[in-house]
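Input: a single structure, listed below in structure tokens.
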Amino acid sequence: MKHGWMRAQVGYSGNEAGDVIAKKATQKRIPTYISTLRNYIKSLLQIESIFRWQKEWGNGETGRSVHNVLPKVKTTPTPRQRPEIMFDMG
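Here is the structure:
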């Protein structure tokens, strides 16, 4: 993870003191370690992404004819029969 520093709130002594400390912290290049496995974090992000996608798909106003046929979002293709495809396409 890369950290950076950007000066903000110029003129406020408390904020400027915080800026000095933050700048020093980013210049020391102290490695940050996260004890959680990368795959675990990726799986949590995927679960949350699908949850949000499903919520938006369920509450959306467009694509309702497709939503009636495919109400649940998936990350894998859905096998379709030719009559269903023809129905969807009109």
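Position 58 (the sequence shown) corresponds to 50 in the working numbering; numbering is contiguous.
For glycine and all other residues, C-beta sits at the position ideal for the given N, C-alpha and C.
Are the CB atoms of residue i and residue j nearer to each other than 8 Å?
i	j	result
W45	V61	no
CA-CA distance, residue i and residue j?
i	j	result
N7	S41	36 Å
S57	I26	45 Å
Q38	P69	17 Å
I13	I22	14 Å
K48	T67	Per the sequence shown, the amino acid found at residue 48 is Glu instead of Lys. Roughly 15 Å between the two C-alpha positions.
T54	L36	28 Å
H59	F43	16 Å
T24	P71	45 Å
Looking at the structure shown, is residue i part of a helix, part of a strand, or coil, going by DSSP?
i	result
Y32	helix
S27	coil
I22	coil
E40	helix
K16	helix
K47	helix
G10	helix
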